[in-house]
Each structure stands twice: as C-alpha cells, then as structure tokens.
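Heads up, the thing below is written out as structure tokens.
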Amino acid sequence: MSHEAADEESPLLPLQPVKPTPVPWFQVSIVAFAHLAEPLTSQVIYPFAPQASTEWFCYERRVPD
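Residue numbers (my numbering): 4 to 68.
Written as structure tokens, this is what we have:
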C-alpha cells in the first residue's frame with residue numbers, strides 16, 4: 004500500500020461480504036412467553052394478595068380466657 008493511496012478515508016481492513024446473523028428463535032420465544040405470561044399471573048394472584056397479607060403479617064392479640 005503506497006502512501007498516496009492510504010488516507011483517513013481508506014478502510015483499514017479489506018471489505019468482506021457481511022453474513023446476516025441468524026435469529027435465535029428458541030431463545031426469543033422463551034423471552035416472549037415469559038413477557039406475555041407475567042401480566043396474566045399478576046391478574047390471577049392479585050385477588051388473593053390482600054387476604055394473604057393480612058393472614059401472614061397481621062397478628063391479632065388474643066386475650067387468654
């Protein structure tokens with residue numbers, strides 16, 4: 004490579020054809036399923052949350068007879 008042909012606009016590496024990267028559909032489908040299942044599970048669990056929180060965290064003091 005001569006000094007006349009090398010300037011700041013010339014590529015440092017020779018141009019090669021770019022291969023398209025394959026999409027990992029199995030991993031994408033797992034992430035999509037988890038992303039779609041999360042709102043559904045929150046809607047199913049939500050009605051039971053207030054009762055569970057009162058049963059687990061609110062202790063009533065019972066006076067012995």
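We put the beta carbon where it would ideally sit given N, CA and C, even for glycine.
Keep in mind the model is a prediction, meaning the values are calculated, not measured.
Can you tell me whether DSSP reads residue i as helix, strand or coil?
i, result
"S13", "coil"
"P25", "coil"
"P42", "helix"
"Q19", "coil"
Quick one: residues in its chain with C-beta nearer than 6 Å to the C-beta of residue i, no 5 flanking neighbours on either side, listed in chain order?
i, result
"W28", "none"
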